[in-house]
Amino acid sequence: MRKTVLRLLALLFAALLAYSAYRIWDIGRDYRAEAELHGLMMEYKPRPESPINQSVIELRQKYPDVAGWLTVPGTNIDYPFIRYKDNDFYLRRDLNGDSATAGTLFMDYRCEGDFTSQNTIIYGHHMKNGSMFGTLKAFAGDDFFAANTHGAIYLPYETLALEFFAYLVVNHTDEIIYSIDLGENDLAYVQRNARQFRDVGLAQGDRIVTLSTCSYEFSHARMVLLAKAEKR
């Protein structure tokens, strides 16, 4: 009887080891696939000095759902992003529409593709290897937030300069942060609840871009980085 139990335990332990090894391999495969596709996409990275972002135009010809390109210096965030009819399709799919754990950066479907919405929200996964929005958490640090103030969004015929002004951790159902229209009282809410904040002279009606990803501080937590967006 004892030998049978020991044999079963040995088989169970072997099965657990095999499953753990498979999961490590599977996660590594997902990371490699994302890195490979990202490497291919970097061929289309826009040049800041160009008035017309021809590379984005070419990228849209190949991937019609692409809306633009997001760059946040000092982080790994340097990706194209899409706009689609819902917020689900690209959550776990790459630009080819194939299954991908890392998904694709995507705009909230309620927002206008030309960023004329008052608050444009872009979502990305918080990947543990630092890809996608995995380095957004760096803005929680005082020194990093102070030193990294600007980013850019490249649209086919327009470039938006981003000036980051607030970093928060909120619930995924936060009705103010995830609204596409922020009023004066809403901006006061942002400042009051921000973990990092700087005054960028934000006025009512200014365009805002909100970058959102998962946080693991509490159930359904999200970290968000808000920026004032102006045409360059």
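Under the working numbering, the letters of the sequence shown match residues 9 to 240, in that order. Glycine is no exception: its CB is placed at the ideal position from the N, C-alpha and C atoms.
Which of helix, strand or coil DSSP assigns to LEU199: Within the sequence shown, the letter at position 191 stands for residue 199. Correcting the residue identity first, residue 199 is Gln in this sequence and not Leu. Helix.
Residue burial classification, LEU113 (beta-carbon count within 10 angstroms, cutoff 16): By one-based count along the sequence shown, residue 113 stands at place 105. By the 10 Å Cβ count, LEU113 comes out buried.
Top-ranked residue by Cα proximity to ASP182, from ALA41, SER125 and THR218: Indexing the sequence shown from 1 puts residue 182 at position 174. That would be THR218, whose Cα lies nearest to the Cα of ASP182.
Cβ pair ASP122, LEU78 closer than 8 Å: Here residue 122 is taken as the residue at index 114 of the sequence shown, counted from 1. Here residue 78 is taken as the residue at index 70 of the sequence shown, counted from 1. LEU78 sits away from ASP122, with the two beta carbons spaced by 8 Å or more.
Cβ shell of ARG100 (< 8 Å), same chain only, five flanking positions each side left out: Sequence index remark: in the sequence shown, residue 100 carries index 92 (1-based). Taken in chain order, the residues that qualify are SER107, ALA108, THR109 and GLY111.
Residue environment, GLY132, which counts as buried when at least 16 other CB atoms sit within 10 Å: Here residue 132 refers to the residue found at position 124 of the sequence shown. The residue is buried, with at least 16 neighbouring Cβ atoms inside 10 Å.
For ILE85, the three-state DSSP class (helix, strand or coil): Residue mapping note: residue 85 aligns to position 77 of the sequence shown, counting from 1. Note: ILE85 maps to coil in three-state DSSP.
Assigned exposure category for LYS136 - 16 Cβ within 10 Å defines buried: Translated into the one-based positions of the sequence shown, residue 136 becomes position 128. Flag for LYS136 reads exposed.
Residue interval of the alpha helix (DSSP H) (run including PHE226): Here residue 226 refers to the residue found at position 218 of the sequence shown. Run containing PHE226: none; DSSP gives neither H nor E here.
Closest residue to GLU171 among VAL208, ASN179 and SER227 (Cα-Cα distance): Counting from 1 along the sequence shown, the entry for residue 171 is found at position 163. Of the listed residues, the one whose Cα sits closest to GLU171 is VAL208.
Boundaries of the alpha helix (DSSP H) in which GLY153 is found, first to last residue: The sequence position of residue 153 within the sequence shown is 145, counting from 1. The question names Gly, yet the displayed sequence has Phe at residue 153. Start and end: 150 to 155.
Proximity winner among LEU190, MET49 and ALA235, relative to ILE130 (alpha-carbon distances): Start at 1 with the first residue of the sequence shown, and residue 130 comes out as number 122. Looking at the Cα atoms, ALA235 is the closest of the given residues.
Rounded C-alpha distance that separates ILE65 from GLU120: For the purposes of this step, residue 65 is identified with residue 57 of the sequence shown, where counting begins at 1. For the purposes of this step, residue 120 is identified with residue 112 of the sequence shown, where counting begins at 1. So the two alpha carbons sit approximately 18 Å from each other.
Residues of its chain near ASP214, where Cβ-Cβ distance is below 7 Å and the 5 sequence neighbours each way are ignored: Reading the sequence shown from its first residue, position 206 is the one you call residue 214. These residues qualify, in order along the chain: LYS236.
Assigned secondary structure, ASN137 (DSSP; H/G/I helix, E/B strand, else coil): One-based indexing of the sequence shown puts residue 137 at position 129. Taken through DSSP and simplified to helix, strand or coil, ASN137 comes out as coil.
8 Å Cβ cutoff met for ILE313 and ASP73: No answer is possible for residue 313: the residues shown for the chain start at 9 and end at 240.
Nearest-angstrom Cβ-Cβ length linking ALA174 and GLN204, presumed shorter than 8 Å: For the purposes of this step, residue 174 is taken as residue 166 along the sequence shown, with counting starting at 1. For the purposes of this step, residue 204 is taken as residue 196 along the sequence shown, with counting starting at 1. About 7 Å separates the two Cβ atoms, so the contact holds.
Of the residues TYR92, GLY138, GLY105 and PHE141, the one placed nearest ARG118, counting alpha carbons only: Stepping through the sequence shown from its first residue, residue 118 is reached at position 110. Of the candidates TYR92, GLY138, GLY105 and PHE141, the one whose C-alpha sits nearest the C-alpha of ARG118 is TYR92.
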